[in-house]
Amino acid sequence: MPSTPRPPVVHVTWQRHSGRATEIAEALGGSPVHIFFPALTRRPLVPLRHLLSVASTAMALVRLRPRTVIVTNPPVFPGLVVAGYAAATGSPFLLDSHPSSFGVKGNVISKRLLGVTRWLARRSAGVMVTVDHYVQMVESWGARGLVVHEAPPAWQLGPPQRGERARVLFVGVFSGDEPVHEVVEAARSLPEVDVAITGDLDRRPAGLAEGAPENVEFVGFLGARDYLDEVARADVLVSLTTEPTSIMRSAYEAVYARRPLVVSDWPSLREVFPHAHHATNDAAAIATGIRAALEDVPAVQEAALRAQEDRWQAQLVDLRAALRLTP
Numbered sequence: 001m002p003s004t005p006r007p008p009v010v011h012v013t014w015q016r017h018s019g020r021a022t023e024i025a026e027a028l029g030g031s032p033v034h035i036f037f038p039a040l041t042r043r044p045l046v047p048l049r050h051l052l053s054v055a056s057t058a059m060a061l062v063r064l065r066p067r068t069v070i071v072t073n074p075p076v077f078p079g080l081v082v083a084g085y086a087a088a089t090g091s092p093f094l095l096d097s098h099p100s101s102f103g104v105k106g107n108v109i110s111k112r113l114l115g116v117t118r119w120l121a122r123r124s125a126g127v128m129v130t131v132d133h134y135v136q137m138v139e140s141w142g143a144r145g146l147v148v149h150e151a152p153p154a155w156q157l158g159p160p161q162r163g164e165r166a167r168v169l170f171v172g173v174f175s176g177d178e179p180v181h182e183v184v185e186a187a188r189s190l191p192e193v194d195v196a197i198t199g200d201l202d203r204r205p206a207g208l209a210e211g212a213p214e215n216v217e218f219v220g221f222l223g224a225r226d227y228l229d230e231v232a233r234a235d236v237l238v239s240l241t242t243e244p245t246s247i248m249r250s251a252y253e254a255v256y257a258r259r260p261l262v263v264s265d266w267p268s269l270r271e272v273f274p275h276a277h278h279a280t281n282d283a284a285a286i287a288t289g290i291r292a293a294l295e296d297v298p299a300v301q302e303a304a305l306r307a308q309e310d311r312w313q314a315q316l317v318d319l320r321a322a323l324r325l326t327p
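Sequence positions in the sequence shown follow UniProt numbering and run 1 to 327.
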């Protein structure tokens, strides 16, 4: 009986969403290994979830025998499993290190475990990061840093079809770096616009819904299909952060969806999204950005998409070189 071919790469992630891992792995000819136990998300169950995730990750690697591995960080634990697999097989691996893995965004655990991230980085073939600041940090550890953002998605959307009322989608998860109160206040000054806000309603700040104007809708945490439907309905996407080093996936999704984009006014976001509308994280600036975005013409979105696709192709070359994969 013929043996199953070894995949050239797998992308391991323990995060709730697997979109980034799926798209990057498939762009490299591989597949994701998504380990997540939704029934074990309550804080007392986290140690059990991590134990099961470690076992599931190890079993997946043994079963698939990938030639190379990418692993999302945080948390550091899947990286430790992957480092063990790499040491045993001689396979190169990359850390996909989000800004929170460096202890920003209030991630106290990652800050305490930064020494583990440093140890993993030195044993990796490279560390995927959002901005040059983290490249310099990683290289100061004696590792290789690679700026890598979002691969093109499998889906495609047509142009927005403006209804009687314009619709804006603010993509968030009620994280501490998201100025959601300011978005609600911006909506208050835009009564002619409907504003949808994503995110698990259990994490929504107390009193936010009660004080919101009638044109704000909290749509909850959305699965992949429902999220794409919301993006399709939107005339403008808004993606905001108080963390200067974040490059938000939702901002990339706006460009791939050919939707006008409002993002926070940070130097890194100006560089990556030059065709977007950049707003300081206050209600007046956000409202001004939304008004301007609603006036965008399709040519702006096409130019943004071409620039994004060119950037990804350059990053894909870097990924292949780091993993020693042939095109």
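Cβ atoms here follow ideal geometry from the backbone N, Cα and C, with glycine treated the same way.
Just so it is clear, the structure is predicted and the values come from calculations on it, not from any experiment.
Between Asp96 and the set Val82, Phe221 and Val231, the nearest pair of CA atoms involves Val82.
Put simply, of Trp14, Val12 and Gly29 the residue whose alpha carbon is nearest the alpha carbon of Pro5 is Gly29. The beta carbon of Gln315 lies closer than 6 angstroms to those of Val148 in the same chain, with the five residues before and after it left out. Taking the Cα positions, Glu182 is about 18 angstroms away from Gly220. In the DSSP assignment, Ile24 falls outside any beta strand (DSSP E) and lies within the alpha helix (DSSP H) extending over Gly19 to Ala27. As summarised for the region 120-184, the continuous alpha helix (DSSP H) elements at least 4 residues long and confined to that stretch are 132-140, given in chain order. Annotation note: the region 241-274 contains the following uninterrupted beta strand (DSSP E) runs of length 3 or greater, listed N- to C-terminal: 261-264. The Cβ-Cβ distance between Ile247 and Val231 does not fall below 8 angstroms. With a cutoff of 8 angstroms on beta-carbon distance, His17 and Ile70 are scored as not near each other.
Per the coordinates, the alpha-carbon of Ala209 lies some 9 angstroms from the alpha-carbon of Val216. In the assembly as shown, Ile109 is an exposed residue. Its beta-carbon has fewer than 16 other beta-carbons within 10 Å. Judged by DSSP secondary structure, Ile70 falls within the beta strand (DSSP E) whose first and last residues are Val69 to Asn73. Cβ-Cβ distances below 6 angstroms link Ser268 to Val131 in the same chain, with the five nearest sequence neighbours on each side left out; the list follows chain order. Within its own chain, the residues whose Cβ lies closer than 7 angstroms to the Cβ of Arg204, once the five positions on either side in sequence are excluded, are Phe174 and Phe218, listed in chain order.
The beta-bridge partner set that DSSP reports for Leu237 consists of Leu169 and Leu261. Bounds of any alpha helix (DSSP H) do not take in Val104, whose DSSP letter is neither H nor E.
For the 8 angstroms CB-CB criterion, Val168 and Ala234 form a contact. The Cβ-Cβ distance between Leu45 and Gly79 does not fall below 8 angstroms. Per DSSP, reduced to three states, the secondary structure at Asp194 is strand. Cβ contact annotation for Asn281 (same chain, cutoff 7 angstroms, sequence separation greater than five): Pro179, Glu182, Leu240, Thr242 and Ser264, in chain order. According to DSSP, Pro32 shares a beta bridge with His11.
Under the criterion of beta carbons closer than 8 angstroms, Leu237 and Arg259 qualify as touching, at roughly 5 angstroms. Contact between Glu150 and Arg20 holds: their C-beta atoms lie close to 6 angstroms from each other, under 8 angstroms. For Gly289, the enclosing alpha helix (DSSP H) begins and ends at Ala283 to Ala293. At a Cβ-Cβ threshold of 8 angstroms, Ala321 and Leu94 do not count as neighbours.
C-alpha of Gly84 to C-alpha of Pro92: approximately 11 angstroms in a straight line.
Assigned with DSSP and collapsed to three states, Phe37 falls in coil, not helix or strand.
Assigned with DSSP and collapsed to three states, Leu95 falls in strand.
Going by beta carbons, Pro74 and Ser56 fall outside the 8 angstroms limit.
In the DSSP assignment, Ala279 falls within the beta strand (DSSP E) that extends over His277 to Ala279. Around the beta carbon of Val297, a 10 Å sphere encloses fewer than 16 other beta carbons of the protein chains shown; the residue is thus reported as exposed. Ranking Glu139, Gly289, Glu253 and Val317 by CA distance to the CA of Ala186 puts Gly289 first. About 7 angstroms separates the beta carbons of Leu146 and Val129, which is inside the 8 angstroms limit, making them a contact pair. Taking a contact as a CB-CB distance under 8 angstroms, the pair Ala303 and His278 does not count as one, their CB atoms being some 16 angstroms apart. For Thr326, the CB contacts under 8 angstroms within the same chain, skipping 5 residues up- and downstream, are Arg320 in chain order.
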